[in-house]
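Q:
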Amino acid sequence: MVPDKIFYEPAALDYKLGQKLKTKFEHLPWIPIESHNNIEALRQNENREFARMKRHLIIGVRKSLTYTPNQKVSDYLVPYTSSGCSAMCLYCYLVCNYNKCSYLRLFVNREQMMEKLLKTARNSEKDLVFEIGSNSDLVLENTITGNLEWTIERFSLSERSFLTFPTKFDHIDSLLPLNHRGRIIMRMSMNPQEIIQKVEFGTSSLHARIEALNRMGDAGYKIGMLIAPIVLVDNWQTLYAQLIDELANSLSETTKKQLFIEMIFMTYSYVHRAINVEAFPNAVELYDKSLMTGRGKGKYCYRPEARTEAEQFLREQLEQKLKNVPIIYVV
Ligand code: SF4
Numbered sequence: 133m134v135p136d137k138i139f140y141e142p143a144a145l146d147y148k149l150g151q152k153l154k155t156k157f158e159h160l161p162w163i164p165i166e167s168h169n170n171i172e173a174l175r176q177n178e179n180r181e182f183a184r185m186k187r188h189l190i191i192g193v194r195k196s197l198t199y200t201p202n203q204k205v206s207d208y209l210v211p212y213t214s215s216g217c218s219a220m221c222l223y224c225y226l227v228c229n230y231n232k233c234s235y236l237r238l239f240v241n242r243e244q245m246m247e248k249l250l251k252t253a254r255n256s257e258k259d260l261v262f263e264i265g266s267n268s269d270l271v272l273e274n275t276i277t278g279n280l281e282w283t284i285e286r287f288s289l290s291e292r293s294f295l296t297f298p299t300k301f302d303h304i305d306s307l308l309p310l311n312h313r314g315r316i317i318m319r320m321s322m323n324p325q326e327i328i329q330k331v332e333f334g335t336s337s338l339h340a341r342i343e344a345l346n347r348m349g350d351a352g353y354k355i356g357m358l359i360a361p362i363v364l365v366d367n368w369q370t371l372y373a374q375l376i377d378e379l380a381n382s383l384s385e386t387t388k389k390q391l392f393i394e395m396i397f398m399t400y401s402y403v404h405r406a407i408n409v410e411a412f413p414n415a416v417e418l419y420d421k422s423l424m425t426g427r428g429k430g431k432y433c434y435r436p437e438a439r440t441e442a443e444q445f446l447r448e449q450l451e452q453k454l455k456n457v458p459i460i461y462v463v
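In our numbering, the protein residues as written are 133 to 463.
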């Protein structure tokens, strides 16, 4: 990401990372703000400004460090060093929280966040898994801040527990030589290349994601894979069958041995539709009335019969082609 301007809370400059970013981006305009949560000038922009706003970088201090219990691949969702993202997936879950203001916000008080992680790990009687990437894509964020390297080096000194994060990016070179001591679980999100191209704007290609996952596995990291979100476009059977073929052919044996799969169907919303129609007028329409139904608060999900058919299809494909890789949940 190449930002065009920085909006910052002045207090962020009291932190080392704030200073580092100030130096890195000194050639850009820096605009002081009261709070990263409410930048009036940006909130008032039209939806069609969405892509332009994604080039802004917001720098602040994270106030709430409250963990949310979780039951999927982690014990807790942890608010971490960023929220929002500079990529532009048409269905991005962050749009539900931040609406058109889902640009990338960086939080510079990482020492405080790390201290809480280490303390919680230390005080627990069992190994915990902390999901640190539920609000952002940390591999992408790392290309700006180096936060993932910083995190892995520090957290891996912990005698207990694990960190996990999902990603759609292949920028993992700087992570490979780190001494992670098996405490990090990276989960790569996969989709057919046609869906990546038409829906997941600004993310890495399927080929690059597969390669990155193999390399992380070879470097001894724990690894997982999401088939997510499953998007039921017209030719979905063909696309997902091809995806699973490609995964079966290109994932290394080392990767396959330790992999697990999460499958997540796409959730869409009224807000996504309103933004996408103005910001990306030529993009594919993800709302399909015949396949979707309302799910509270302006959200849409696939109707049960469509989901069941697709889930059965995907399970059969995976059983044929990636037989020994466990599916740990489907939602
Ligand atoms: Fe949202 Fe993830 Fe896409 Fe970024 S990469 S826009 S966080 S779905």
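For every residue, glycine included, the Cβ atom is placed at its ideal position computed from N, Cα and C.
On a predicted model such as this, the values are computed, not experimentally measured, just so you know.
Per DSSP, which residues does Val261 bridge with? Please list them.
A: Phe294, per the DSSP bridge assignment.
Q: Would you kindly report the start and end of the unbroken alpha helix (DSSP H) that includes Phe301?
A: That residue, Phe301, is in no alpha helix (DSSP H); it is neither H nor E in DSSP.
Q: State the CB to CB distance for the pair Tyr199 and Leu209, rounded to an integer number of angstroms; the pair is presumed to be in contact (CB under 8 Å).
A: Their Cβ separation, rounded to whole angstroms, is 7 Å, which keeps Tyr199 and Leu209 in contact under 8 Å.
Q: Between the beta-carbon of Met398 and the beta-carbon of Tyr223, is there less than 8 Å?
A: Yes.
Q: Leaving out five residues on either side along the sequence, give the residues of the same chain with a beta carbon under 8 Å from the beta carbon of Leu379.
A: Here the set comprises Met322, Ile342, Met357, Lys453 and Leu454.
Q: Check Lys232 in the structure and name its three-state DSSP category.
A: Lys232: helix per DSSP, three-state reduction.
Q: Kindly provide the ranges of any beta strand (DSSP E) runs that are 3 or more residues long and lie completely inside the region 361 to 398, ordered along the chain.
A: DSSP runs (the beta strand (DSSP E)) wholly in the region 361 to 398: 393 to 397.
Q: Could you give the DSSP three-state label for Thr213: helix, strand or coil?
A: Of the three classes helix, strand and coil, the one that applies to Thr213 here is coil, per DSSP.
Q: Taking the alpha-carbon of Cys221 as reference, which of Cys433, Ala415, Glu443 and Val462 has the nearest alpha-carbon?
A: With distances taken between Cα atoms, Cys221 lies closest to Ala415.
Q: Skipping 5 residues on each side, what residues in its chain have a beta carbon closer than 6 Å to that of Pro309?
A: Taken in chain order, the list of residues that qualify is empty.
Q: On the DSSP bridge assignment, give the partners of Pro201 in chain order.
A: Answer is Tyr208, bridged to Pro201.
Q: Using three-state DSSP, classify Gly356 as helix, strand or coil.
A: The answer is strand: DSSP assigns Gly356 an E or B state.
Q: Assuming Leu391 contacts Val457 under a Cβ cut-off of 8 Å, what Cβ separation, rounded to an integer in Å, is found between them?
A: So it is a contact: roughly 5 Å between Cβ atoms.
Q: Can you find at least 3 beta carbon pairs, one from the region 155 to 162 and one from the region 176 to 186, that sit closer than 8 Å?
A: As far as the Cβ criterion goes, the region 155 to 162 does not touch the region 176 to 186, which means the pair count is below three.
Q: Can you find a heavy atom of the ligand NAP that lies under 7 Å from the Cβ of Asp269?
A: The ligand content of the structure shown is limited to the ligand SF4, which means the ligand NAP is not among them.
Q: Buried or exposed: which applies to Thr386, given that a residue is buried once 16 or more other Cβ atoms fall within 10 Å of its Cβ?
A: Counting Cβ neighbours within 10 Å, Thr386 comes out exposed, since fewer than 16 surround it.
Q: Run through DSSP, which three-state label would Val271 get?
A: If DSSP states are grouped into helix, strand and coil, Val271 belongs with the helices.
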